[in-house]
Ligand SMILES: *Cc1c(COP(=O)(O)O)cnc(C)c1O
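Here's what the structure looks like:
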């Protein structure tokens, strides 16, 4: 079997794997063209060159955000954002108890303490009321992350941040292309970020991300910190201790080449999401909680349903050749990695996160899912509940 057979599904059994199919032929060609273009460019600049600057400019235009800074990963973007806000030892940062590991790890990396707030059990996004109850005189910032299908309640997060003079980092790693009240995901926080890790909505063929900010000072700091504290004009003059979190020119060429196709990719995801929404809405009374339909605040990254019978549903779908995924088996504060982090209060619990962990199950969603595959997934889910 060749990569082309894989890409067209020729000879494959009639199943729906969970993950993405191989790169479509057009994207493979673009990748090879990008390597050739950068490799044969007389400029011979491979990192933080004019293509990276052009990608930053294109994303500024697309989002309307004043500054966009490319960096090496979403994890790097979180660390750069925290450091640009001068978060450090003695500070507390409120993070969701359900979500990606770097949400808490990056806070610990700055010397600050993550304080875990509970989430809405049905969507997994941070609960602003619970988050506010965990604010102390040491709290400096709150990280709100958009999860799977749903943007965090940014207006409520910003209100509470204003009340308590906190900075807001909006982790839109998975939410590029989503909007809430007409405003793009990533444009709500003091700092926002998108990840280009391959499976994310504008995922690429390697590691990368961007930080977005309307505020001049943290944006300036992010730009310096990504390149060892240098200001981009004078080399080997280090204004402060930073990181190597730079961006690659081949990846920039690839992302620029496919930026015009991004809306089409998002539309394809929306087609799948709308179809699932319609098929699953009647199952709510049978115990299947699908994401709430509607475009406002809707992310197109992962389609997770929630049900008390999660493991049985996963087995049923596997028996029908349909792949599924459980992303977060335990709340972050219950993870072995954070066992040493004292919780606030010491008896803290996160019932919303526990429920989300026990009940979520992600169904296949990517831009290249065929009609027949979508129908196969929905039929098998419906059969389980009928
Ligand atoms: C993927 C992800 C990250 C990390 O991004 P990387 O580019 O993989 O480092 C951070 N936060 C969330 C919510 C993510 O889903």
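In the numbering used here, the protein residues as written are 1186 to 1571.
Idealized CB from N, CA, C, for every residue including glycine.
Between the C-alpha atoms of residue i and residue j, what's the straight-line distance to the nearest angstrom?
i: residue 1440; j: residue 1360; result: 17 Å
i: residue 1204; j: residue 1281; result: 26 Å
i: residue 1532; j: residue 1551; result: 40 Å
i: residue 1387; j: residue 1395; result: 11 Å
i: residue 1571; j: residue 1206; result: 30 Å
i: residue 1556; j: residue 1473; result: 22 Å
i: residue 1268; j: residue 1407; result: 8 Å
i: residue 1478; j: residue 1350; result: 34 Å
i: residue 1567; j: residue 1476; result: 15 Å
i: residue 1304; j: residue 1418; result: 44 Å
i: residue 1520; j: residue 1541; result: 15 Å
i: residue 1300; j: residue 1217; result: 45 Å
i: residue 1233; j: residue 1411; result: 10 Å
i: residue 1251; j: residue 1397; result: 8 Å
i: residue 1559; j: residue 1200; result: 11 Å
i: residue 1545; j: residue 1389; result: 26 Å
i: residue 1504; j: residue 1461; result: 20 Å
i: residue 1371; j: residue 1494; result: 34 Å
i: residue 1323; j: residue 1254; result: 29 Å
i: residue 1446; j: residue 1393; result: 19 Å
i: residue 1337; j: residue 1365; result: 9 Å
i: residue 1342; j: residue 1223; result: 42 Å
i: residue 1421; j: residue 1429; result: 14 Å
i: residue 1344; j: residue 1442; result: 39 Å
i: residue 1497; j: residue 1522; result: 29 Å
Closer than 7 Å: is that where the CB of residue i sits relative to any heavy atom of ligand 1?
i: residue 1265; result: no
i: residue 1258; result: yes
i: residue 1330; result: yes
i: residue 1338; result: no
i: residue 1392; result: yes
i: residue 1284; result: yes
i: residue 1326; result: no
i: residue 1514; result: no
i: residue 1290; result: no
i: residue 1253; result: no
i: residue 1643; result: No information on residue 1643 is available, as it lies outside the stretch 1186 to 1571 that the chain covers here.
i: residue 1494; result: no
i: residue 1488; result: no
i: residue 1230; result: no
i: residue 1475; result: no
i: residue 1280; result: no
i: residue 1287; result: yes
i: residue 1356; result: yes
i: residue 1334; result: no
i: residue 1359; result: yes
Ligand 2 heavy atoms versus the CB of residue i: any closer than 7 Å?
i: residue 1203; result: Of the ligands one can find in the structure shown, namely ligand 1, none is ligand 2.
What is the residue span of the alpha helix (DSSP H) that residue i lies within?
i: residue 1313; result: 1313-1318
i: residue 1342; result: 1339-1349
i: residue 1496; result: 1495-1504
i: residue 1219; result: 1210-1225
i: residue 1435; result: 1434-1443
i: residue 1447; result: 1447-1465
i: residue 1403; result: 1401-1410
Could you tell me the boundaries of the beta strand (DSSP E) in which residue i lies?
i: residue 1538; result: First-last for residue 1538: 1536-1544, but that is the alpha helix (DSSP H), not the beta strand (DSSP E).
i: residue 1356; result: 1352-1356
i: residue 1550; result: That residue, residue 1550, is in no beta strand (DSSP E); it is neither H nor E in DSSP.
i: residue 1507; result: Looking at the DSSP string, residue 1507 is not in any beta strand (DSSP E), and its letter there is neither H nor E.
i: residue 1300; result: 1298-1302
i: residue 1398; result: 1394-1398
Task: Runs of beta strand (DSSP E) lying entirely within the segment 1360-1389, each at least 3 residues, in chain order - done: Along the segment 1360-1389, the beta strand (DSSP E) occurs as fully enclosed runs of 3 or more residues at 1376-1380, listed in sequence order.
Task: Every unbroken alpha helix (DSSP H) within the segment 1246-1286, with a cutoff of 4 residues, ordered by chain - done: 1259-1269
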